[in-house]
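Enquirer: Handing you a structure now.
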Amino acid sequence: MGVNPMAEFEKGLVRDYKSIMAHIERTVSSVPG
1230 MGVNPMAEFE
1240 KGLVRDYKSI
1250 MAHIERTVSS
1260 VPG
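Note that the numbering used here has the sequence shown beginning at 1230, numbered continuously upward.
Now the structure itself:
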């Protein structure tokens, strides 16, 4: 079958999601209050 493009796409999506969430957490934690 080879590489499943959908699985690769989902893996990239999860990676992007995690990096976005980490960025948001850093941004929120740097804001007072």
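Glycine is no exception: its CB is placed at the ideal position from the N, C-alpha and C atoms.
Under the three-state reduction of DSSP, which class applies to residue 1261: helix, strand or coil?
Expert: coil
Enquirer: Kindly indicate which three-state DSSP category residue 1241 falls into: helix, strand or coil?
Expert: In the structure shown, residue 1241 sits in a helix (DSSP, three-state: H, G or I).
Enquirer: Return the CA-CA distance between residue 1237 and residue 1252, expressed in angstroms with no decimal places.
Expert: 23 Å
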